[in-house]
Structures are given as C-alpha cells and as structure tokens.
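Using my numbering, you'd call the opening residue of the sequence shown number 154 and step up by one each time.
Heads up, the beta-carbon is just placed ideally off N, CA and C, and yes, glycines get one too.
Owing to the predicted nature of the structure, the values given are computational and were not obtained by experimental measurement.
Below: the structure, in structure tokens.
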Amino acid sequence: MSFHLSHPVDFSAHNAEVERVWKAYEERRPYRVPVRFSASITNLLCNPELNEKGWTFRQFFEDPQVQIDARLAFDNWWVRNVVGDHRMGPPEEGWQTWVDFQNSYEAGWFGCPLKYCEGVVPDTEPILRERKEKLYDLEPPDPLRGGLLGRAMELFERMHELCPRMEFQGLPVLPPCGLPGEITDGVFTVACLLRGTTEFCMDIMEDPGYAHDLMRFVTENTIRRIRAIQQWRWERLPDSPDAGQVNRPNWGFADDGIVVLSVPQYREFVLPYHRQLAAEFSDGTPLGMHLCGDASRFFPVMHEELGVGTFNTGFPMPFAEMRRRLGPDVAIEGGVPVPLLKSGPPDAIREEVKRICGSGVMAGGRFVMVEACNMSPGTPVEHVEAMYEAAKQYGRYQ
C-alpha cells in the first residue's frame with residue numbers, strides 16, 4: 154500500500170463526472186451517491202513519506218512560509234492522489250492558501266495557552282480548571298487580534314506579502330482571504346476547552362447557574378467575533394459573493410463535545426445557545442451540523458427543534474434508524490469509519506460500503522458517502538480508491 158496512485162487519472166474526464174454527480178444530487182435526481190473525502194494538514198505533517206521537509210507543527214503554526222509551503226505540498230498531493238467526487242488536478246485559478254490553526258483557534262482566542270507535543274496536533278490548556286471564578290474576571294478578547302487570532306493576523310499579513318511573489322507549478326499562489334474564527338467548532342466544545350471537560354460536566358450537575366454563565370460568555374463572544382471578522386473581510390474584499398450577508402442560507406457549525414451529554418442535558422444546557430447562533434447567522438433555511446462520535450441520539454431533537462437539515466456524521470452511526478427517524482428529506486453524510494479506512498483491507502472497506510448503501514440510508518436521495526470522520530494520517534490511497542469505487546458500484550439509484 155502507498156500514498157501515491159500507481160495509475161494516471163484523466164483529470165478532465167473525472168472533473169466532468171464530478172460536476173454531473175453533484176448537479177444531479179442538488180437537483181434531487183441522483184443517479185449515484187456522491188463521495189466526498191476530508192483531510193487536514195495532519196495528513197502531511199504526520200506522515201514522514203509525505204512530509205519530506207520534516208516540518209513540525211510548531212513551524213507550521215508560527216512560520217508563514219511554512220504555512221504556505223506545507224499547504225502547497227499537501228494540496229498538490231491531494232489533487233493528484235486522493236480520488237473522490239472533488240475536482241482533481243492543479244487548480245486553474247491558482248493555489249489557495251489560508252491561515253490554519255486546526256482546532257486550537259477558538260480556545261486560543263479566548264486565552265488558553267497553546268501547547269506543542271511531538272508528532273501530534275497542538276492543543277490548548279484550560280484556563281478555568283483550577284479557579285472557575287476566573288470566568289467573571291475575563292475580558293472579552295479582541296475579535297481580530299485577541300489571543301491566538303493575534304498570531305493569525307500576523308501570519309495573514311505576512312502571507313499577503315509573500316504569496317504574490319510566488320508561483321507553484323506554473324500557477325499563482327493566492328494569499329488567504331479570511332481569518333480562522335469566522336466559523337465555530339461549537340460553543341459547548343469551547344466551554345469544555347476553557348474549563349476542562351470533566352470539570353464542566355461536574356458544573357452542569359452541581360452548579361448549573363455557573364454552567365449557563367460560561368455558555369453565555371462563550372456564545373456571546375463567539376457571535377461578536379464572527380460578526381467582526383465578517384465585517385473586516387467584507388471591507389477588505391468588497392467583491393466577496395457574500396458581502397453584507399450576515400444571515401446565510403444553510404449556515405452550519407459543529408459541536409463535537411456534546412457527545413458527553415444526555416439528550417435532556419443537551420436541551421437544557423446547549424440547545425438555547427445553538428438557537429442563539431442560528432438566529433444570528435442563519436436565514437431560516439435548514440442548518441448544517443457536524444458531530445463526531447456517537448451523537449445520533451441528538452439528531453431528531455436538532456432536526457425538529459433547531460432546524461438542522463444536513464448531518465455530517467462520525468461513527469458509530471445507525472444509518473437505517475436515522476433515515477427512518479429523520480425522513481427522506483434530511484441530508485445524511487457518513488460512511489466508512491476512519492480506522493477501517495486506514496487499516497483496511499480493501500475487501501473489508503468494500504463490504505462496509507455495501508452494508509451502508511444497503512441499510513436504507515439512500516432513501517430520498519439525500520445521502521453523501523464520506524469518511525467518518527476526517528481521514529487519518531497514513532491512510533493508503535488504495536483504501537480511499539476502494540471506498541470510492543465501491544460507492545460507485547453499490548450506491549446506484551434505480
């Protein structure tokens with residue numbers, strides 16, 4: 154098994170097929186299940202066979218040239234070797250860069266110290282674990298230059314100086330067009346990062362008033378940050394397609410941390426704040442929600458009471474039950490668990506794709522096959538191809 158395809162891909166033919174697949178899906182007349190893969194820079198940095206320069210996460214987080222070079226190396230590998238229903242081959246308009254702090258950007262913005270550990274993604278340390286009352290002394294961080302976003306802005310400005318001077322494989326290198334922080338990985342998740350997950354769960358049981366205070370603090374400041382970054386981007390890039398559009402169609406967010414809660418706890422301690430986010434940024438169309446882990450128990454509540462119309466899932470995932478409970482019009486995105494996708498063998502991957510497609514989840518034509526969830530470093534491209542080809546075989550609509 155390897156990390157590079159052993160056969161050439163006809164990019165033009167592939168991309169034409171991809172366009173047809175997604176057009177049919179969006180028009181509610183799919184002829185096969187679309188297949189989409191997601192991965193992060195960890196697939197490069199944590200794989201010595203791809204990380205030829207030996208870049209570290211510290212270098213990636215702190216050096217703008219490494220941010221650019223590592224992104225170019227990753228994207229070049231991705232568009233040539235990872236097959237799926239995404240465009241393959243060099244991008245005609247140029248190579249897009251952006252500032253990437255993985256999942257540390259939100260807690261880092263609130264002031265949690267960043268810590269580096271060799272060979273793994275950097276993480277943050279809770280600032281309220283030892284003294285939770287410190288919450289009431291915290292100042293709202295600057296939405297553009299507070300905490301870790303201050304470094305993000307420095308990288309952004311330096312990358313805007315470097316990128317126009319660069320070219321990669323005969324194409325321009327495009328500078329970042331925004332900052333991390335215009336989205337959210339979830340207000341409950343961030344509250345856990347500030348307080349500590351165990352400690353915050355104990356607060357919910359023993360000090361619910363404090364739990365709500367922390368959730369309000371995180372939610373209100375998250376809204377303030379997103380609004381400020383939106384306005385800053387629109388002023389800098391007035392031709393942005395979404396300029397001035399605060400309330401977005403099919404807006405979405407994540408909140409992986411809720412998997413530690415029961416459904417009643419979610420209703421009491423999280424749902425009101427999810428509703429607040431939706432009221433601020435959604436135009437009333439169905440929301441999108443990403444949830445890793447065993448989170449399907451929340452889906453009916455989120456669909457019925459929050460208006461979520463698309464669920465991007467992890468594993469385990471009871472596909473048949475969720476399709477039955479959510480109905481044919483809700484989009485479900487799920488698929489082969491990432492440990493199986495990484496370890497294989499290809500026959501087992503194909504059998505899992507066959508099982509999922511035959512579960513009934515395809516009813517209504519609102520299913521997208523994805524890795525569940527976020528491709529692990531070291532996943533052989535042959536395993537990815539096995540999943541893709543199996544989905545094309547077993548994910549056909551009559």
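Local conformation of residue i per DSSP, three classes
{"i": "E486", "result": "strand"}
{"i": "R185", "result": "strand"}
{"i": "T209", "result": "coil"}
{"i": "M540", "result": "helix"}
{"i": "R401", "result": "strand"}
{"i": "Q418", "result": "helix"}
{"i": "A166", "result": "helix"}
{"i": "G261", "result": "helix"}
{"i": "E433", "result": "helix"}
{"i": "T351", "result": "helix"}
{"i": "A407", "result": "strand"}
{"i": "R478", "result": "helix"}
{"i": "G303", "result": "helix"}
{"i": "A525", "result": "strand"}
{"i": "Q249", "result": "strand"}
{"i": "D276", "result": "strand"}
{"i": "F472", "result": "helix"}
{"i": "P325", "result": "strand"}
{"i": "R369", "result": "helix"}
{"i": "G518", "result": "coil"}
{"i": "G497", "result": "coil"}
{"i": "V461", "result": "strand"}
{"i": "L332", "result": "coil"}
Contacts around residue i, its chain only, beta-carbon distance under 6 angstroms, and the 5 residues preceding and following it disregarded
{"i": "P530", "result": "T195, N196, C199 and N200"}
{"i": "F406", "result": "T337"}
{"i": "F341", "result": "D408, G410, I411 and V423"}
{"i": "G264", "result": "I280 and G300"}
{"i": "D356", "result": "Y363 and A364"}
{"i": "F520", "result": "V186, I485 and V514"}
{"i": "Y550", "result": "P183 and Y184"}
Top-ranked residue by Cα proximity to residue i, from the options
{"i": "T466", "options": "G460, R450, E433 and F309", "result": "R450"}
{"i": "F321", "options": "L302, V252 and A226", "result": "A226"}
{"i": "A525", "options": "P469, L297 and K507", "result": "P469"}
{"i": "D447", "options": "P453, K287 and V413", "result": "V413"}
{"i": "E271", "options": "Q398, E245 and F213", "result": "F213"}
{"i": "G462", "options": "I485, F472 and A473", "result": "I485"}
{"i": "C445", "options": "V454, A364, F164 and D408", "result": "D408"}
{"i": "V483", "options": "E457, V491, P394 and K285", "result": "E457"}
{"i": "G518", "options": "G460, P183 and A169", "result": "P183"}
{"i": "T438", "options": "W404, Y419, M455 and D216", "result": "W404"}
{"i": "G460", "options": "C510, Q429 and M358", "result": "Q429"}
{"i": "E542", "options": "T250, A177 and D238", "result": "D238"}
{"i": "E421", "options": "I382, V454 and P533", "result": "V454"}
{"i": "I382", "options": "E170, L302 and A364", "result": "L302"}
{"i": "V162", "options": "L291, R240, Q220 and E215", "result": "R240"}
{"i": "A364", "options": "Q418, V514 and H157", "result": "Q418"}
{"i": "R478", "options": "D395, K507, A544 and V514", "result": "V514"}
{"i": "E286", "options": "A223, G323, E352 and R311", "result": "E352"}
{"i": "V489", "options": "D500, S393 and W175", "result": "D500"}
{"i": "A431", "options": "P361, L267, E373 and P498", "result": "E373"}
{"i": "D436", "options": "D395, L367 and P425", "result": "D395"}
{"i": "R311", "options": "G497, I221 and S512", "result": "I221"}
{"i": "R304", "options": "L324, D290 and P266", "result": "P266"}
{"i": "E245", "options": "T532, D366 and F164", "result": "F164"}
{"i": "E205", "options": "S193, W231 and A223", "result": "A223"}
{"i": "P498", "options": "S512, P533, E388 and R284", "result": "P533"}
{"i": "I502", "options": "S512, M540 and P481", "result": "M540"}
Cut-off 7 angstroms between Cβ atoms - residues of its own chain near residue i, not counting five sequence neighbours on either side
{"i": "F309", "result": "V252, P329 and L332"}
{"i": "V274", "result": "T195, F210 and Q255"}
{"i": "E538", "result": "V236"}
{"i": "K545", "result": "R185"}
{"i": "I509", "result": "F472 and G488"}
{"i": "V416", "result": "R450, F451 and V454"}
{"i": "H313", "result": "P328"}
{"i": "Y426", "result": "V340, M368 and T372"}
{"i": "P217", "result": "L308, R311, M312 and L315"}
Contact belief for residue i with residue j at Cβ below 8 angstroms, rounded distance in angstroms
{"i": "G487", "j": "V186", "result": "Going by Cβ atoms, the distance from G487 to V186 rounds to 11 angstroms, so no, they are not a contact pair."}
{"i": "M528", "j": "S191", "result": "7 angstroms"}
{"i": "F464", "j": "F472", "result": "Their Cβ separation, rounded to whole angstroms, is 11 angstroms, which puts F464 and F472 out of contact at 8 angstroms."}
{"i": "M621", "j": "V219", "result": "The structure shown does not extend to residue 621, since the chain is modelled only from 154 to 551, so the question has no answer here."}
{"i": "F370", "j": "L288", "result": "6 angstroms"}
{"i": "L158", "j": "N229", "result": "L158 to N229, Cβ: 13 angstroms. No contact."}
{"i": "V326", "j": "W208", "result": "With a Cβ gap of about 17 angstroms, V326 and W208 do not count as contacting."}
{"i": "E505", "j": "M154", "result": "Not a contact, Cβ separation roughly 17 angstroms."}
Close beta carbons around residue i, own chain, < 8 angstroms, minus the five adjacent residues each side
{"i": "E474", "result": "S449"}
{"i": "P570", "result": "Not covered by the structure: residue 570. The range shown for the chain is 154 to 551."}
{"i": "M306", "result": "L297, R298 and L332"}
Handout entry: Segment contact, 8 angstroms Cβ cut-off, at least three pairs: the region 248–268 with the region 334–341
Key = yes
Problem - Cβ contact check for the region 280–294 and the region 347–356: 3 or more pairs under 8 angstroms - result: yes
Practice task
Count the C-beta pairs between the region 310–320 and the region 393–404 that are closer than 8 angstroms, then say yes if the count reaches three, no if not.
Solution key: no
Exercise for the section: Spell out a yes or no on whether the region 374–385 and the region 282–299 are touching, meaning 3 or more CB-CB pairs, one atom from each, closer than 8 angstroms. Expected result: yes
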